[in-house]
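K.L.:
Before I ask anything, let me first share the structure, which is written out below as structure tokens.
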Amino acid sequence: MSLPVILCVDDEPIIIQSLRIELRNALRGQCTIETARSGPEALEIFADIRRDGRELALLISDQNMPEMKGHEVLSSIKSISPATFTILLTGFSDLEGVKQAVNNADLHRYITKPWKKEEFIFSIREALRAFEQESLIQRQDQKIEKLTLSMINALEAANLSYDEDTSFHILRVSEYSAFLAREIGSDADFVERIRTYSKLHDIGKVGVACQLLNKPGQYTPEEFEIMKQHVWYGSQILDVEGIDEMGRNIAYCHHERWDGSGYLRGLAGLAIPLEARITAVADVFDALLSRRVYKPPMPFEKAFGIVSEGSGTHFDPAIIDVFRSSHDSLFAIRERVNAMEDQSGQGKPAEAPR
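If you count by this note's numbering, then the sequence shown holds residues 228 to 581, one letter each, in order.
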């Protein structure tokens, strides 16, 4: 992996030379130092850095330059490289430039000229360390995402092995969950996480005997007690350091009920994690609509009504309020996923609402 890059921009040669010497002496072996005499030159160098596959860790720019002001350079590069930390050098009291840099370039620090060497180097080291920590977290997140996707693929393969009719169930649950999360006002990060981790809601079924998963007709009380354990198996599979707690919460709690009559923990109301409350609605809705070895698919309107009537007993009333107002959007999601299923040669077309 190549060293991170620090890019310094200033139209005064003596300042550029001073920055180069101070940074090389203080950060020897930790990064590569690049310099530019203007905003346009800085953009060209930045393009070269990206083309070479290197990472721009820190951008240091003077404010008062011809052609492009410092805050313009910072905001231009920051818009392309959000992970880059930005520092603005000011030779006079330019509050407007600082304000622009804060608003448009997520300014990390501003430093006045002439700077004190010790304070300047401390700020640079702090920014470089923060960049390296965030890069490490990002790399770890990417590894976790790959692991999660591998588990999702394993679950999908397991679904196919015991029941073709449920092969797209987890995808529909994922899409419904993400939609409902967005509609109740969750932030974009939560929406994408639940889109991923709701796919693992039934991963614990790999611990349940295939004879039960394929059994036609209703379970006996003893069989149902065995089946219920899939949520515990799922929680154990996902109880791994580095895996988002959301995954475990969904696997363990998506059969809890708002009134406390669910399983396995008997949680009620807001004690049930939000992600599990959302996934519960999506899971039951799609299960009603799906063909199983023990039942035919239910008409859309009937399934929609049953889930709507579960407000305050089975489901969180706030989520059901959004569900009730999203009839057409939910049907469109089902149509879209079912079209994918039809193209794959599995399943049957969605039934039109009536």
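C-beta: ideal position from N, C-alpha, C; glycine also. Nothing here was measured: the structure is a model prediction, and the numbers come from that model.
Give a yes or no on contact between the region 509–529 and the region 486–497, applying the rule of three or more CB pairs nearer than 8 Å.
P.N.:
No, the region 509–529 does not touch the region 486–497.
K.L.:
V549: which of L515, R504, R563, Y521 sits nearest, CA to CA?
P.N.:
Checked all of L515, R504, R563, Y521; the closest Cα to V549 is R504.
K.L.:
Under three-state DSSP, which class holds F395?
P.N.:
Coil.
K.L.:
Are the Cβ atoms of I430 and G461 separated by less than 7 Å?
P.N.:
Yes, the Cβ-Cβ distance between I430 and G461 is below 7 Å.
K.L.:
Name the DSSP beta bridge partners of K344, please?
P.N.:
Partner(s): none; K344 has no beta bridge.
K.L.:
Could you spell out the range, first to last residue, of the beta strand (DSSP E) harbouring R551?
P.N.:
That residue, R551, is in no beta strand (DSSP E); its alpha helix (DSSP H) goes 544–551.
K.L.:
Pop quiz: L316 and I287 are said to be a contact at Cβ under 8 Å. What is the actual Cβ separation, rounded to whole angstroms?
P.N.:
Yes, they are in contact, since the Cβ atoms of L316 and I287 sit about 7 Å apart, within 8 Å.
K.L.:
Compare the beta carbon distance of S538 and P544 with 7 Å and say whether it is the shorter of the two.
P.N.:
In this structure, P544 lies closer than 7 Å to S538 by Cβ.
K.L.:
Among residues of its own chain, excluding the 5 on either side of L250, which ones have a beta-carbon nearer than 7 Å to its beta-carbon?
P.N.:
Excluding positions up to five away in sequence, the list reads I233, I260, I351.
K.L.:
7 Å is my cut-off, CB to CB: does I546 come that close to chain E?
P.N.:
Protein chains in the displayed structure number just one, and chain E is not present.
K.L.:
How about H298 and T313: do their beta carbons lie closer than 7 Å?
P.N.:
In this structure, T313 does not lie closer than 7 Å to H298 by Cβ.
K.L.:
Closest to N588 by C-alpha separation, out of L301, V418, E282, would be which residue?
P.N.:
Residue 588 lies beyond the stretch modelled for the chain, which goes from 228 to 581, so this question has no answer here.
K.L.:
Exposed or buried, which one is D279 when buried takes at least 16 other CB atoms within 10 Å?
P.N.:
That one is exposed.
K.L.:
Can you tell me whether C235 is helix, strand or coil according to DSSP?
P.N.:
Correct three-state label for C235: strand.
K.L.:
Quick check on this structure: which residue in Y337, R399, R366 has the alpha carbon closest to the alpha carbon of D510?
P.N.:
For D510, the nearest C-alpha among the options comes from R399.
K.L.:
Would you mind working out which of N252, C480, S401, A263 sits nearest I241, comparing C-alpha positions?
P.N.:
Taking only the C-alpha atoms, the option nearest I241 is A263.
K.L.:
Counting C-beta neighbours from all protein chains within 10 Å, is the total for S404 16 or more, i.e. buried, or is it exposed?
P.N.:
The residue is buried, with at least 16 neighbouring Cβ atoms inside 10 Å.
K.L.:
What number of angstroms, rounded off, separates the C-alpha of D289 from the C-alpha of L246?
P.N.:
Taking the straight line from one Cα to the other gives about 11 Å.
K.L.:
Near E402, which residues of its chain fall below 7 Å by C-beta distance, leaving aside the five closest residues on each side in sequence?
P.N.:
Here the set comprises I560, V564.
K.L.:
With T423 as the anchor, note down where its beta strand (DSSP E) starts and where it stops.
P.N.:
Not the beta strand (DSSP E): T423 falls in the alpha helix (DSSP H), residues 415–424.
K.L.:
Alpha carbons only, please: which of G256, Q257, E282, M295 is nearest the one belonging to D237?
P.N.:
Nearest of G256, Q257, E282, M295 to D237, Cα basis: M295.
K.L.:
Output the boundary residues of the beta strand (DSSP E) element that contains D471.
P.N.:
No beta strand (DSSP E) contains D471, which DSSP labels as neither H nor E.
K.L.:
Identify the continuous alpha helix (DSSP H) that holds S535 and give its terminal residues.
P.N.:
It spans 527–536 - the alpha helix (DSSP H) in which S535 sits, taken as one unbroken run.
K.L.:
Between the alpha carbons of E562 and L254, how many angstroms are there, rounded?
P.N.:
About 57 Å.
K.L.:
For the putative contact between V534 and F512, defined by C-beta atoms under 8 Å, what is the C-beta separation to the nearest angstrom?
P.N.:
That pair is a contact at about 5 Å.
K.L.:
State the DSSP-derived secondary structure class of T540, mapped to helix, strand or coil.
P.N.:
Three-state result, T540: coil.
K.L.:
Using only alpha-carbon positions, find the residue among R475, A530, E472, P500 that is nearest to R484.
P.N.:
The shortest C-alpha separation from R484 is found at P500.
K.L.:
Taking the C-alpha atoms as reference points, what is the distance between G487 and H541?
P.N.:
The straight-line gap from Cα to Cα measures roughly 8 Å.
K.L.:
When we look at the beta-carbon of L363 and count the other beta-carbons within 10 Å, is it buried (16 or more) or exposed?
P.N.:
When all chains shown are included, L363 counts as exposed.
K.L.:
Put I276 into one of helix, strand or coil per three-state DSSP.
P.N.:
Residue state, collapsed to three classes: helix.
K.L.:
Y479 bridges to which residues according to DSSP?
P.N.:
DSSP, once it has assigned bridges, lists no residue as partnering Y479.
K.L.:
Using only the alpha-carbon positions, how far apart do I243 and A415 sit?
P.N.:
So the alpha carbons of these two residues sit roughly 41 Å apart.
K.L.:
Who are the Cβ neighbours of F358 in its own chain at under 6 Å, not counting the five residues just before and after it?
P.N.:
Closer than 6 Å at Cβ, skipping near neighbours: A284, F312.
K.L.:
Quick check on the DSSP output: what are the complete beta strand (DSSP E) runs of length 3 or more inside the region 235–268, in order along the chain?
P.N.:
Entirely contained in the region 235–268, the beta strand (DSSP E) runs reaching 3 residues are, in chain order, 259–263.
K.L.:
What's the gap between the Cα of A514 and the Cα of F349?
P.N.:
Cα to Cα, A514 sits roughly 58 Å from F349.
K.L.:
Does the beta-carbon of E502 have 16 or more other beta-carbons within 10 angstroms, so that it is buried, or is it exposed?
P.N.:
With 16 or more other Cβ atoms within 10 Å, it is buried.
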